[in-house]
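Written below as structure tokens is the structure these notes are about.
4 protein chains.
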Amino acid sequence: MQTLTTHPFDDDHFKEECGVFGIFGHPEAAAHAALGLHALQHRGQESAGIVSYDGIQFHAHRGLGQVGENFSSQATMQSLVGAMAIGHVRYATTGDTTLRNVQPLFADFEFGGLAICHNGNLTNSYGIRRELVRRGSLFQSTTDTEVIVHLIATSLRATVVDRMIDALHRVEGAYSLVAMSSKELVGVRDPLGVRPLVLGRLGTTWILTSETCAFDIIGAEFVRDVEPGEMVVINEAGIRSIFPFARPPKRFCVFEYIYFARPDSIVEGTSVYEARKRIGAELARESHVDADLVIPVPDSGVPASIGYAAAAGIPFELGIIRNHYVGRTFIEPSDHIRHLGVKLKHNANRAMIEGKRVILVDDSIVRGTTSTKIVEMVRQAGAREVHMRISSPPTTNSCFYGIDTPERERLLASRFDVAGMAKFIGADSLAFISIDGLYRAMGHDGRNASQPQFCDACFTGEYPTTLADYDAAGTPAQLSLLAEIA
Amino acid sequence: MQTLTTHPFDDDHFKEECGVFGIFGHPEAAAHAALGLHALQHRGQESAGIVSYDGIQFHAHRGLGQVGENFSSQATMQSLVGAMAIGHVRYATTGDTTLRNVQPLFADFEFGGLAICHNGNLTNSYGIRRELVRRGSLFQSTTDTEVIVHLIATSLRATVVDRMIDALHRVEGAYSLVAMSSKELVGVRDPLGVRPLVLGRLGTTWILTSETCAFDIIGAEFVRDVEPGEMVVINEAGIRSIFPFARPPKRFCVFEYIYFARPDSIVEGTSVYEARKRIGAELARESHVDADLVIPVPDSGVPASIGYAAAAGIPFELGIIRNHYVGRTFIEPSDHIRHLGVKLKHNANRAMIEGKRVILVDDSIVRGTTSTKIVEMVRQAGAREVHMRISSPPTTNSCFYGIDTPERERLLASRFDVAGMAKFIGADSLAFISIDGLYRAMGHDGRNASQPQFCDACFTGEYPTTLADYDAAGTPAQLSLLAEIA
Amino acid sequence: MQTLTTHPFDDDHFKEECGVFGIFGHPEAAAHAALGLHALQHRGQESAGIVSYDGIQFHAHRGLGQVGENFSSQATMQSLVGAMAIGHVRYATTGDTTLRNVQPLFADFEFGGLAICHNGNLTNSYGIRRELVRRGSLFQSTTDTEVIVHLIATSLRATVVDRMIDALHRVEGAYSLVAMSSKELVGVRDPLGVRPLVLGRLGTTWILTSETCAFDIIGAEFVRDVEPGEMVVINEAGIRSIFPFARPPKRFCVFEYIYFARPDSIVEGTSVYEARKRIGAELARESHVDADLVIPVPDSGVPASIGYAAAAGIPFELGIIRNHYVGRTFIEPSDHIRHLGVKLKHNANRAMIEGKRVILVDDSIVRGTTSTKIVEMVRQAGAREVHMRISSPPTTNSCFYGIDTPERERLLASRFDVAGMAKFIGADSLAFISIDGLYRAMGHDGRNASQPQFCDACFTGEYPTTLADYDAAGTPAQLSLLAEIA
Amino acid sequence: MQTLTTHPFDDDHFKEECGVFGIFGHPEAAAHAALGLHALQHRGQESAGIVSYDGIQFHAHRGLGQVGENFSSQATMQSLVGAMAIGHVRYATTGDTTLRNVQPLFADFEFGGLAICHNGNLTNSYGIRRELVRRGSLFQSTTDTEVIVHLIATSLRATVVDRMIDALHRVEGAYSLVAMSSKELVGVRDPLGVRPLVLGRLGTTWILTSETCAFDIIGAEFVRDVEPGEMVVINEAGIRSIFPFARPPKRFCVFEYIYFARPDSIVEGTSVYEARKRIGAELARESHVDADLVIPVPDSGVPASIGYAAAAGIPFELGIIRNHYVGRTFIEPSDHIRHLGVKLKHNANRAMIEGKRVILVDDSIVRGTTSTKIVEMVRQAGAREVHMRISSPPTTNSCFYGIDTPERERLLASRFDVAGMAKFIGADSLAFISIDGLYRAMGHDGRNASQPQFCDACFTGEYPTTLADYDAAGTPAQLSLLAEIA
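Chains as they are written, first to last, in the UniProt record's numbering: chain P, 1 to 486; chain Z, 1 to 486; chain U, 1 to 486; chain G, 1 to 486.
This is the structure:
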């Protein structure tokens, strides 16, 4: 509704676009998928879907909104029968939030049904899409996932697995897929392993999902990461592993550690919480400043703050209090009220801050809007000095691998150098962790420039694949002549 | 929700499944389409959709529910920009009421976009669908309309019109289609002309729609019926007519006159209201009985009752009053209350009925449930005799041409002869108009048995096409492995 | 929402403001009350409420909207336990539609609880309200019913019945009340008997309600009208009747016969349907005109039309078709579309009307808006002559007895004489039944000018009570300083 | 809906029942009130209301749900015109959550309108209510606030202020009131000062509210606490202070510091955050245990944990991660899934906890349900030892001063001693801060047994007023015979 506006203190973050979950061999498969998607909700809040298979038929429920809004009625859950299920949560930019884009996608093939869901983003799908349309394929969504589905449909190979391999040989980019046919549950990770995918088990039940926190919620145990370029096929006969693709050195997204993943997940063998603390400690070493307090920008800045405070020997305090009851909308009858609305979500803890030299720790600066407001709020509460420390390098480039980022020119770090950024946000000093510092905190001696250990394109501009679908400005091609009105 | 039940006095009627509307050359095309769909609401109440084209892009809004529920917000209407639009209303059996089946269908083709909507039903689509899937086409809906769309997509012809002709040569059954590309508005009627399609104009604006009542609401004038087997193509250059198919004798659905069409429509040159009065008069002549009052079963029985009363010289009276405020659901805490609920929708006008010999006139008996309740109600109100007269022949067979009918074994007329039916509904006498009487009322000397002037398969079992998609029991083939949960 | 507007073809009628229902001695009392309120829905569509009593506690559910919207969940109905219940439907002008005004009202008194509901309107409540506030009574609603409740609370009499009598001695105006204490169900009708109240039974269960159609729906039998000035008290000991007030000659509202009551109700011993037919016949005798067709303005004009047509010997035809699927709102993107919207609700049956001389029969003209549009529509459909006949005298005055009427200056009959009104609505001729003709149709020799047999103040301006609460312009006093925002 | 259940990990806390806000002299009074109520949302989430006064009329909007659900439409905010407004948030036990109980209450009096809202609870209102009903007062709500309103209405004093004083002389218990007449804004605090009330200003605008965090959100400055027993009257002439009551030593609720108030509020001159840290530090001194980590139970346990960790010299770590996206409902198709649902809201940070000796810090144990689940979760994550430390004394008694507490027999501390409680929750050790330790942390030498410096009845059973409305078991008297069904 036009009378409502997004919350004025909107999160200034890159946004993870998807989380996936698949389960094979449990009588309450869909209920476990719903729990798993709850645990993955931070990876996408705009739509959620589950497809189950009962041995005869597939059952789907997909809707806009969060998991709890879509999977809380007994009638819905009881309809999702079967011992196999896959599920998906999705974040999407406004124009794309229509029901036809909600995953899992499903299609009836010659060989039967197939449901598929995708975390990541392809970088060469547009040309393939045009070619498929030319030969008579009809697209219903604007997701790149549907390109994969059509490639499977038009593959001349015989089995589902062979058709999937055939299809994936055609695409480039980042993908962690979970798919379900009437016979098997399949998980695949792109050859670079940009997005995570993990394998777990619960007794005789197998689970494939984006993060280990989804194992915890259902009491499953972590088995191992799916390897970059690996396809895992689970059926009645058991589990098998295939490596059908070329195997370049892996390039896992380092930003999963900095912000996207949940702190209680273990990602590629490393605790996210520990990684953030280590990054905070490295940041403290790199950019020391005398101060009285280390204050996290809630809530994502907390682990790095704890690491920073311990390394710097400065007390960690909750100098900014978050209001847990803030909803998504607030009405602003006037500019004056809009400005006041800034404090709806956060408030400075004046008793703690007044007269103090304060270090604020946050994980990133995207457009700089939140940082500016936070610095102003902390100053108004009486801070004598405000030093901002950021637990990532400056984000100078967009991401094309399944993360929602503003266009390059709206990134503060692409507009200013660090001194200019400090001035923009109004801080007495500003420092980011260095790119080598980040790699050190992740357990390396530093960044291997000739063969980076991670995908760090948003900091360096070094994209590990070609970007065929985007023009020089990073603008994607238009996919459909149809604008669906919600 | 499971706690609500459908109204206990549910309509015991065959149900028309669709209405279509297309408009070319009006700056408020979508608003006119919405008005037209309002006028066609009796042809389908479960979903509604409009697609417009603004010269660059197509704009769609489609939703479950009635026209008013989907096209009443200014934001929606303002988004449907363009001088060309098509729209659809749809009735669907429960299992199929999912959003992906809501029309108009839209697809991006090599040649651009195409939106299409369909009144009728194909009788050989299943085999074609299987063949298309085998070659890699992916179906998103379970509508037979999508078969046409895929046939267009995979046609090797060059123009939209040629591809449509190519596609329609493959299908059998009933179809009145309205389609819109970026260049033209197209209307087509199947060679038998089973469902109606009319052409109208409003100044320089052309309209194609199911019934003339949709012209009245927008102030347009009726030009002519689209002919069976005719394709009308409207574009900037004007209007042209093509007859690409073989031209068998026409077989218009006679039940459109009996019940489906609105009484204020002119169908194939005949006023529906007048036709119903003539059928009522013929019925009076065929099945005379001494009585005090002629009473219509509200509301569809009124025109035939007026004709019957005039021909029989017996007063026409409103002996059954309809409650206009009845909603769609009513809760029945017990069987006792459920039984009382029968009178929510209708009540006998006791002061008029008590002690009288009553003739009830209705248009059809399907399962007999409503008739049984009405007869009981009229008796309880003190009627001395209750004679039921039906302005159609007994409906002994299902329809496969776009009408929702129960399976054959649930049709009362397939279970009992007329005497048995009279006993079942509890009437003192029961008579249906004869099949020849019906044809006489429609202006013929009687039914031409070797080449019937109408499609009357629901009365005679003589289907004018093969029924490739149905088994001997009339059960359709399963189309998708997916059950979507609303 | 501001983007939605009321339907452009809004009903131009006086509106009955309330219906009441009470039941004593049935294990499913509340479910019967809900059914009864369904039958009374025509007396008020903006709110509905039921209070039951289970022997220990009262249970209430009250809400804005129609009966079906409020009493369709099993949880609600199961909560309304007890063998005694009262219910209410209400129409209210916009400003008053807040939840605190929804009836039945309930209050905890010294003697226990009392629920009360009211059909009618008091004409001296404002002064009493001021006096009660002065002594410390707090009002929660702006209904005059609450004045009665406070008078009961502050009465010094001992029993509920004596307190009710005490309270009602203070008030003037029209009231048909149904009240329920922990001991008894009470029905009262004001001494003039302006609004109806009837007594029925279903085995050993007693029912008090506004119209007999509410008996039909639950299968109860009509016993008798409650007399003007009578109080009926029903408890475990049985039923008794009290006449505590002076007994002036009765003045039942004649408009209940013309429009408010349902045609299938028997009101004060007379069938409403029959009365309307007799009024139509009298109208035909008074205002003959040569014509080809008699056409009712749907739906309320039908019975009078049948009577008119029979008396005039002119065929009755459905010349205007009503669209049953029209919702409450329609969006008008432009004036042009707004004007077209007129035909959403009704359409002229052109095939019947074209070239004919038409008599339109309606029950009343209030502001004249509907009549003007109907006449225009019928002309556009080709009528050669349009003669409007109205089955009530001109409505020149507002009602203050429980009917929603526009202010006097907006009544067409207070602005023009009949010739002026004919011109305003565009009819070739216009005639109203005469006041004496109306009385003749009701079985009298004519109106007794010195002691009219009915309340006919809306036609004559002769109000049967003083109007202490209204100024000369008929504007009511302001009751509360609070404006509640919905 | 019955199919949805409250979240399985429901908060095991005492619940503050209300927050109040009043503003005088600002053109956007209601918008500021809405912002203030957002800041007070932690004091009540089940209903919210605002009443404004525009110089002529009062305007009210009150609804069930949170502030954002009720005050986010522009239409609503624009209707709440005027330079004076009061607002209220409320938590209520299930049975009472009906719209008629939502505050502010409003009444039309002889002297004009008065709106009033209340934080606290009266302990002698039942007898007064009975007496008022006996003399003819009608109660619409079951709130004790309405008793005050009726006492004002029936007072024989002349001015609003004198009537309020007259009324408040009759009542006992805890109340921080904000009231608004057409002339003035009034704030009053009960003589013991149990609940907070603070005075602030924003230029020439005065604000009265429950906590200073509501000043921060609108940029107002804190002026001073309203004194126990003080009445502050603000009108066009300025602000004045009255002390109309006896002045016993004050007894502020110590639990406001422990849990109810926001950590960023300054209450009675003390920072809540600092108080919690001092309590944590004192707790560490009193109940030392060797351990590897101090982990807060999120989110309320964080400040005490920081204090504990610093005093104990043990690292503070986020060992339990809270899921920010958890909604209010979750469906549990089976007991198995219900059990898993425990981890929806919180998850143990296994990487941090495994093999460690852990101290969990929480603010209170009420029924023990949450503590049991948290301890189990931490053990499952591999903790070697789990020691629970609580920053309040054992809560052995119910509160009757505006806090929602379970009945006494459901309080874990009233059923077991500390050893028994430790066993119940499954901890290796359990310790509560001592009552004297709590007073020391609050800056006293210990508790003054003859004249306690705070209200600590929930720990000691020493209630500072009589409890006339409650029987020995603490069960309140029944107030109304009516059960309203939502």
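For glycine and all other residues, C-beta sits at the position ideal for the given N, C-alpha and C.
**Q.** Which of helix, strand or coil DSSP assigns to G/E354
**A.** G/E354: coil per DSSP, three-state reduction.
Q. Unbroken beta strand (DSSP E) runs of length 3 or more, entirely within the stretch 2–59 of chain Z: which are they?
A. 18–24, 47–53
Q) DSSP state of U/I148, grouped into three classes? A) helix
Q) Taking buried to mean at least 16 other C-beta atoms within 10 Å of its own C-beta, is G/T94 buried or exposed? A) Interpretation of G/T94 is limited by its pLDDT of 43, a score under 50 that renders its predicted location unreliable; the figure taken from the coordinates is listed afterwards. Exposed, since its Cβ has fewer than 16 Cβ neighbours within 10 Å.
(Q) Going by the DSSP bridge assignment, what does U/N119 pair with across the sheet? (A) U/S176
(Q) Please list, in chain order, the residues of the stretch 27–60 of chain G that have any C-beta partner in chain U closer than 9 angstroms. (A) V51, Y53, I56, Q57, F58, H59, A60
Q | Rounded C-alpha distance that separates G/A39 from U/Q45 | A | 40 angstroms
Q: Just the chain G side, please: which residues come within less than 9 angstroms of U/T475 by C-beta, in chain order?
A: Those within 9 angstroms of U/T475 in chain G number zero; the least Cβ separation is about 17 angstroms.
Q) Going along chain C, which residues have a C-beta under 9 angstroms from P/V302? A) In the displayed structure, chain C is absent; the protein chains listed are P, Z, U and G.
Q: Helix, strand or coil for U/D216, going by three-state DSSP, please let me know.
A: helix
Q: Could you give the DSSP three-state label for Z/C399: helix, strand or coil?
A: Coil.
Q. Buried or exposed: G/G313, going by 16 or more other Cβ atoms within 10 Å of its Cβ?
A. exposed
Q: Taking only beta carbons into account, state which residues of the stretch 245–263 of chain U come closer than 7 angstroms to chain Z, listed in chain order.
A: R262, P263
Q: Report the option in U/F459, U/P249, U/T270 whose CA atom is closest to the CA atom of residue 491 of chain U.
A: Since the displayed chain U opens at 1 and closes at 486, residue 491 of chain U lies outside it and no answer follows.
Q.
Threshold first: 3 residues or longer. Then list the beta strand (DSSP E) segments lying entirely within the stretch 299–341 of chain G, N to C.
A. 320–322
Q | Z/E172 vs Z/T405 beta-carbon contact at 7 angstroms | A | no
Q. Counting contacts by CB-CB distance shorter than 7 angstroms, is G/A351 in contact with chain P?
A. yes
(Q) So, at 8 angstroms on beta carbons, what are the nonlocal neighbours of P/S434 in its own chain, with the 5 sequence-adjacent residues on each side left out? (A) Taken in chain order, the residues that qualify are E286, P393.
Q. Would P/P27 be called buried (16 or more neighbouring beta carbons within 10 Å of its own) or exposed?
A. exposed
**Q.** Endpoints, beta strand (DSSP E) assigned at Z/N101
**A.** No beta strand (DSSP E) contains Z/N101, which DSSP labels as neither H nor E.
(Q) Can you pull out the residues from the stretch 93–122 of chain P whose beta carbon lies closer than 7 angstroms to at least one beta carbon of chain Z? (A) Cβ contacts with chain Z: L99, F106, A107, D108, F109, E110, G112, G113.
Q | Under 9 angstroms from the C-beta of Z/S79: neighbouring residues of chain P | A | A483, I485
Q: For the beta strand (DSSP E) holding Z/R240, just list the boundary residues, first then last.
A: 238–242
**Q.** Cross-strand partners of Z/D225 (DSSP beta bridge)
**A.** Z/V198
Q: Please classify G/T94: does DSSP put it in a helix, a strand, or coil?
A: Interpretation of G/T94 is limited by its pLDDT of 43, a score under 50 that renders its predicted location unreliable; no figure is taken from the coordinates.
Q: Quick one: residues in its chain with C-beta nearer than 8 angstroms to the C-beta of P/Y325, no 5 flanking neighbours on either side, listed in chain order?
A: none
Q. So what does DSSP say about G/V89, is it helix, strand or coil?
A. Note: G/V89 maps to strand in three-state DSSP.
Q | First through last residue of the beta strand (DSSP E) which encompasses P/M388 | A | 385–390
Q: Mind checking the stretch 137–149 of chain Z against chain P and listing, in chain order, the residues whose C-beta falls within less than 8 angstroms of any C-beta there?
A: S137, L138, F139, Q140, V149
(Q) Our contact map puts P/G22 next to P/M180 with C-beta atoms below 8 angstroms; I'd like the distance itself, whole angstroms only. (A) 6 angstroms
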